[in-house]
Amino acid sequence: MILIMKTITKKQSWNSYQKEIANDNLYYARSCIRQNFFPASEHMFLHILQKELGKNVFDDPNHTTCTGIGYHADVVLFDTIQTVIARHFALMTEAGLEHMAISCVTSFGLYTEVLHTWEHYPEQLEKIRDFLYKATKKEFNLPKSIAHTSDVIYSLRDEIAQKAQHTLINKHTGKPLRAVEHIGCHYAKMFPSKGVGGAEFPQVLAGMIESWGGEVVDYPERRHCCGFGFRNYLVQANRGYSMSNSKKKFESMEVYKPDFILTNCPGCSMFMDKWQYTIAEIDGKTYDSYGKGIPVLTYEELTGLVLGYNPWDLGLQMHQVQSESLLDKMGISYDPHLKYTDKHGNQLPKPVSPLHLTQT
Amino acid sequence: MIDVIIIGGGIAGLETACTLHTQGIESLILEKEKEIGGKLTQWDSLFPSNRNAKELVETYKDEIQKHTITVYVNTKVIAIKKQNDGTFEIFTSREIVFKAKTIVIASGYSIFNAERKEEYGYAIYPNVITSADLEHMFATKKELKAPSGRTLERVAFIHCVGSRDEKVGNHYCSRLCCVTGVKQAIKIRQMLPETHVFNFYMDLRMYGLGFEEMYREAQEKHGVQFIRGRVSEIAQTNEGRLQLKAEDTLAARPVRMQVDMVVLLVGMEAPECNSILGKSCNIQYNAAQFIVPQDIHYSSGITSAEGVFVSGTSIAPLSVFDTINHARSTALAVSNFLMPIQNE
Amino acid sequence: MNKFGFSTHASRVIDYETIDTKLISYIVENEPSFASCISCGSCTATCSAANLTYFNIRRLNVQIRLGEFEEIQQEIDKCMLCGKCMLVCPRGINTRNVIMLIKRGLTTLEIKK
């Protein structure tokens, strides 16, 4: 017998945690690592909002990292990160915008933390205004709202469902695809009221999965951290500790035979994808029945698939765990010959297939 | 004009009325529910004697009849207005206005809504129940099983749900949940000798008459295992069991345990009406909305407003034992207050 | 060490699904007072062995329930059976009998370690 999260949505316990999510006239704050690991995700977010849904989103070339990795690794001071974030607010103000959409969960957590700090310690805000002015001659307004970009997609999930080319239904069995959703810790664990659905039963990704026809797996280690932890994975010798956290999750979800994992955090997406390879190399173990691993998708990639985009344009071939099994179940056609070609059709080097994690 | 109006027909209100009657003072009870007996009507058995709770309710029903005390059921108090002559007008869900020389607030308590501890999944996972639900099961079910129908190989009790918890805003200890957990654990072991029972506690507060003896009996005679650690979360497994996470703090290691049913030992909260009553007759109540007596030791049944008294769990979580004693002492305080008036 | 320079860590979590309960059942059956321990630690406070070694008689209760048999095996012989712990125990547990039962149980029961 397989039990799923349906009982949760039946009770709608998460409904008490709602937030205002602006989904138009947004200032876009990029992540510093997502473009490397999931190269099409941020591009797809902009493309879908601007081109598919006709929204105004400003992608500012002057925007920088929030320095969150440095902050969480104890090399960037709180005053510094507050000033960097203040600069982003200044850029937003200069662009005539009032709402921010933040691509990274770490950044989202930090923006929330900084705004919270300023609310409770106004003298900090004045200090940071002074720092920023001395350094850059910039001034800023506080945003009217900040949202994580997964919040934005969540708020548009029904609009997206109406335009869907593919649903999360297994074409072979007619049954909903089974998804594990993994929420970055800093999305709602620090400030539960700032996340859709709160910290215990976050709804931001579950809402997308259900709107698009899938089924959410509620497994015992659902709330466990992926193990990213910043300083903990930065030193190579410590990475076993980081990886063992992901392993705990894989072991817990394995019996549910999930069709894919959906994440909203840069670190989680990276770790849950890449550690499947590392664990396979070290322990010879994969967590699906076919030795291929469980595909890990970002919510932008999933949105892209649902809207009918070419999986290779979504960069799915750049993942460690390959997604063909999922594409087949969703009934998405793809050309295997074009998997490793550039936009001009030139052949790109093909990655070597590892021993234990079969690449399709 | 009646001498005393008692707000609440639970055991505190009933005992106050009976004692007052013995003293020759007439009172009237206003009860918002359709019958008297309060929360006790929902309970199966009482610690430490294991007597049937219904039996005590019946005893009070008989006493009320014997003393010919008038009870208005389905009557919810909306506001109290103090008159210039020191008497009171009480407005309720009924059309008539009640008039009295004194008021006794015996509003009782409400059970903590376990849904607020989201991480325990109450009302999400069917086999997570509260101690109040378990009492109901004891009273109505012949065979004890998990709500989903599972056989109970293992049951976990979680102490302090909604009590001693900054996260739900309740700093106080509800005092009775510890012994309720012990009582219910013993009962499960008696009904199902093959079932393993674990109680996860922070401190065990066996303060009352016979409580410590029950605890020791639970350990030694009934094999209930007590684990010192607060459960951090509950999730459902693939097989429909519940997995809970805690620390065995005496071993200083995290614990994962799968069980077939979890019982949340929910605490007591002040009923919403306390703040309404408090405001409308200007009596002092604390942050948790329990009514603050004039002097916690010397006059625990007297409020800060002249002519307004308080009886039972309106002041704090109390056992049946403590409630009845408090109700009697409040009745004496009322009688002392009224005597000079009557002698005039 | 493998090519990554790190490996997976063993879990420190006590998993109740894998604990061998033979020893605790054996002790409680033969010395029921053992179940009434409240971990007050007065036994360890007074214990001669605890002053000089890692032997901790209070912790034995927890260790036996959690299946930490290797540690028990390593420490159990440090007990000098002086009986001071019995004198101080507020629950009246026959701690000497417990020690003897542990020793016997570890050698006679087939315990999964």
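Protein chains in written order, with my numbering: chain D, 1 to 360; chain F, 1001 to 1344; chain Z, 2001 to 2113. We put the beta carbon where it would ideally sit given N, CA and C, even for glycine.
My guess is that Phe-250(D) and Tyr-287(D) are in contact by the Cβ rule of under 8 Å, so how many angstroms apart are they, rounded? 4 Å
Since Tyr-1207(F) and Arg-1228(F) should fall inside the 8 Å C-beta cutoff, what is the C-beta to C-beta distance between them, to a whole number of angstroms? Not quite, the Cβ-Cβ distance comes to about 18 Å (not below 8 Å), so this is no contact.
For Pro-220(D) and Gln-1243(F), which I take to be in contact (beta-carbon distance under 8 Å), what is that distance rounded to the nearest angstrom? 4 Å
One question on the structure: do Ala-1100(F) and Phe-1091(F) come within less than 8 Å of each other, judged by their Cβ atoms? no
DSSP three-state call for Ala-40(D): helix, strand or coil? coil
Which residues, in order along the stretch 1227-1250 of chain F, keep a beta-carbon less than 8 Å from a beta-carbon of chain D? Glu-1233, Ala-1235, Gln-1236, Thr-1237, Asn-1238, Glu-1239, Gly-1240, Gln-1243
Can you tell me which of Ile-153(D), Asn-36(D), Asp-59(D) puts its alpha carbon nearest to the alpha carbon of Asn-264(D)? Ile-153(D)
I'd like the list of long-range same chain contacts for Asn-2097(Z), defined as Cβ closer than 8 Å, with 5 residues on each side in sequence excluded. Asn-2030, Glu-2031
Between the Cα of Ile-2024(Z) and those of Asn-2056(Z), Thr-2046(Z), Glu-2068(Z), Val-2013(Z), spot the shortest distance and give me the residue it belongs to. Glu-2068(Z)
Is the beta carbon of Ala-1246(F) less than 8 Å from the beta carbon of Arg-1230(F)? yes
Nearest-angstrom Cβ-Cβ length linking Ala-95(D) and Phe-58(D), presumed shorter than 8 Å: 5 Å
Taking Cβ positions only, does Glu-1118(F) come closer than 8 Å to chain D? yes
Scan the stretch 1218-1292 of chain F and note each continuous alpha helix (DSSP H) run of 4 residues or more that stays entirely inside, going in chain order. 1273-1280
Look up Glu-1153(F) in the DSSP assignment and say whether it is helix, strand or coil. coil
Can you tell me where the beta strand (DSSP E) holding Asp-1003(F) begins and where it ends? 1002-1007
Can you give me the start and stop residues for the beta strand (DSSP E) that Asp-59(D) sits inside? 57-59
Within 10 Å of its beta-carbon, does Asn-245(D) have 16 or more other beta-carbons around it, so buried, or fewer, so exposed? buried
Would Thr-1195(F) and Arg-1150(F) qualify as a contact pair, given that the criterion is a beta-carbon distance under 8 Å? no
Taking only three categories from DSSP, how would you classify Val-1168(F)? helix
What residues in its chain sit with their C-beta under 6 Å from that of Met-190(D), if we drop five residues either side in the sequence? Gly-109
For a quick check, are the C-beta atoms of Tyr-1060(F) and Leu-1030(F) less than 8 Å apart? no
Members of the stretch 2009-2020 of chain Z that neighbour chain F once the beta carbon cut-off is set at 7 Å: Arg-2012, Val-2013, Ile-2014, Asp-2015, Tyr-2016, Glu-2017
Give the DSSP bridge partners of Glu-215(D), in chain order. Arg-178(D)
Distance, Cα to Cα, Lys-6(D) vs Gln-124(D)? At Lys-6(D) the pLDDT is 39, less than 50, meaning the model places this residue with poor confidence and gives no usable figure here.
Shorter than 8 Å from the beta carbon of Val-255(D) to some beta carbon of chain F? yes
Determine whether the beta carbon atoms of Thr-2095(Z) and Cys-2043(Z) lie at a separation below 8 Å. yes
Using the rule of at least 16 other Cβ atoms within 10 Å of the residue's Cβ for burial, across every protein chain shown, is Pro-421(D) buried or exposed? In the structure as shown, chain D starts at 1 and stops at 360, and residue 421(D) therefore has no counterpart that could be examined.
Using a Cβ distance threshold of 8 Å, determine whether the stretch 1028-1047 of chain F contacts the stretch 1100-1118 of chain F, with at least three qualifying pairs required. yes
Just tell me which of His-148(D), Lys-292(D), Leu-327(D) has its CA closest to the CA of Lys-19(D). His-148(D)
Residues in the same chain with beta-carbon distance under 6 Å from Gln-1284(F), minus the five sequence neighbours each way, listed in chain order, please. Val-1292, Ser-1304
Taking DSSP as the reference, what is the three-state secondary structure of Val-1334(F)? helix
Does Ser-2036(Z) come within less than 8 Å of chain F when only Cβ atoms are used? yes
Could you check where the beta strand (DSSP E) with Phe-382(D) kicks off and where it finishes? Nothing in the structure corresponds to residue 382(D), since chain D is present only between 1 and 360.
Anything in the stretch 237-253 of chain D with a Cβ closer than 8 Å to a Cβ of chain Z? List those residues in chain order, please. Ala-237, Asn-238, Arg-239, Gly-240, Tyr-241, Met-243, Ser-244, Lys-247, Lys-248
Beta-carbon spacing of Gly-240(D), His-2009(Z) below 8 Å: yes
I need the straight-line Cα distance from Arg-1205(F) to Val-1179(F), nearest angstrom please. 8 Å
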